[in-house]
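Peer 1: Residue numbering for the sequence shown follows this note's numbering, starting at 65 and increasing by one per position.
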Amino acid sequence: GDKKQDVSEIKGEDAKVNWNQEWFDTYHEDGTTFGGVTVVKGDSADTITVTDKGSLTIDLPTQEATEAGNDGKVVTFKDVNLEVKDGGSFSNSSLVTVQNGSLTVEDGAFTNKEGGVVELQGGTFTLSVTKADAVKDFTNAGTIVLSDNAKMTVGSSDNTAVETEDELALNVGNVEIGQGATLTNEDKGYPLTKETDSEGGDDGAETGEAQTLVHFGTVTVDGGKFINAEGARSEGKALVIESVA
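1) Just curious, the beta strand (DSSP E) that Lys117 is in, first and last residue?
2) Put Val160 into one of helix, strand or coil per three-state DSSP.
3) Mind reading off the beta-carbon distance from Gln196 to Gly237? Whole number of angstroms is fine, and I expect it under 8 Å.
4) Among the candidates Ile291, Lys301, Gly152 and Glu273, whose CA atom is the shortest distance from the CA of Gly281?
5) Locate the beta strand (DSSP E) running through Val226, then write down its first and last residues.
6) For the putative contact between Val278 and Glu240, defined by C-beta atoms under 8 Å, what is the C-beta separation to the nearest angstrom?
7) Taking Gly118 as the reference, which of Val101, Gly152 and Pro125 has the closest Cα?
8) Looking only at its own chain, which residues have a Cβ that is under 6 Å from the Cβ of Val81, when we skip the five neighbours before and after it?
9) On the CB-based measure, 16 or more other CB atoms within 10 Å of its CB, does Thr284 come out buried or exposed?
10) Rounded to a whole number of angstroms, what is the C-alpha to C-alpha distance between Arg297 and Val103?
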């Protein structure tokens with residue numbers, strides 16, 4: 065509709081943007097069709113940055129959008145870059161599409177809840193962490209979809225990016241790689257800063273020994289590419305090749 069807001073930065077713990085049922089009800093009247101939310105490039109900024117304890121939460125009624133014939137694409141970022149960095153947080157339980165823009169998660173909290181879909185149509189998705197807390201704050205329990213030549217890069221080629229005494233897992237979850245798209249894992253793992261013990265009491269990994277950081281769920285390759293860069297480490301539930309282009 066004609067409801068428009070301009071925003072380029074969501075910053076600080078008092079900056080909480082919630083696109084949820086309550087927000088939806090303020091704009092949606094009974095009997096009208098919900099056409100979804102489109103975030104477009106503004107006059108002065110083409111990047112939205114969520115940082116310094118600011119948060120963006122998307123929790124919209126996806127079922128209604130699907131029944132209304134909108135293909136379930138509830139929130140669309142069109143030609144806009146979304147950056148979640150340095151303590152900012154992004155949470156999604158709906159259907160989000162990024163068209164010809166970028167999604168960057170850099171030491172920020174990212175949660176894609178079960179049933180949530182984040183789809184990149186072209187553009188890039190870059191995920192990197194340098195702090196142990198940031199690793200723990202990334203979870204994809206839904207699905208990340210790469211299509212239309214989108215490129216997603218996970219991790220860092222520098223295996224000293226994260227140092228910790230704890231065992232860590234960057235839960236990248238389920239990823240679908242469509243025609244022309246590429247998922248690249250560059251992360252070489254991380255070194256432990258002290259010895260760990262297994263449940264049996266035996267010595268575990270030695271100090272400095274590289275540990276696998278990146279954990280996938282099911283990676284489905286359907287016309288795209290899945291690349292583990294030289295020296296990169298990853299674990300996953302399954303690798304499914306649907307077709308070979």
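Note that beta-carbon positions come from the ideal geometry of N, C-alpha and C, so glycine has one too.
Please read all numbers here as calculations on a predicted model, not as lab measurements.
Peer 2: Looking at the atomic coordinates:
1) For the purposes of this step, residue 117 is taken as the residue at position 53 of the sequence shown. Segment: none, Lys117 is in no beta strand (DSSP E) and carries neither H nor E.
2) Mapped onto the sequence shown, residue 160 falls at position 96. In this structure, Val160 counts as strand in the three-state DSSP scheme.
3) The residue you call residue 196 lines up with position 132 of the sequence shown. The residue you call residue 237 lines up with position 173 of the sequence shown. Before going further, note that residue 196 is Ala rather than Gln in the sequence given. Not really, about 19 Å apart at Cβ, beyond 8 Å.
4) Taking the sequence shown and counting its residues from 1, one reaches residue 281 at position 217. Nearest C-alpha to Gly281: Lys301.
5) The sequence position of residue 226 within the sequence shown is 162, counting from 1. No beta strand (DSSP E) contains Val226, which DSSP labels as neither H nor E.
6) The residue labelled residue 278 in the question sits at position 214 within the sequence shown. The residue labelled residue 240 in the question sits at position 176 within the sequence shown. In fact, because the Cβ distance is near 17 Å, the residues do not count as touching under 8 Å.
7) As a position in the sequence shown, residue 118 is number 54, starting the count at 1. Closest by alpha carbon: Gly152.
8) In the sequence shown, counting from the first residue as 1, residue 81 sits at position 17. Counting only Cβ-Cβ distances below 6 Å, and skipping sequence neighbours, we find Ile74 and Leu120.
9) Taking the sequence shown and counting its residues from 1, the one referred to as residue 284 is at position 220. By the neighbour-count rule (16 or more Cβ atoms within 10 Å), Thr284 is buried.
10) Taking the first residue of the sequence shown as position 1, residue 297 is located at position 233. Taking the first residue of the sequence shown as position 1, residue 103 is located at position 39. Between Arg297 and Val103, the C-alpha separation is close to 36 Å.
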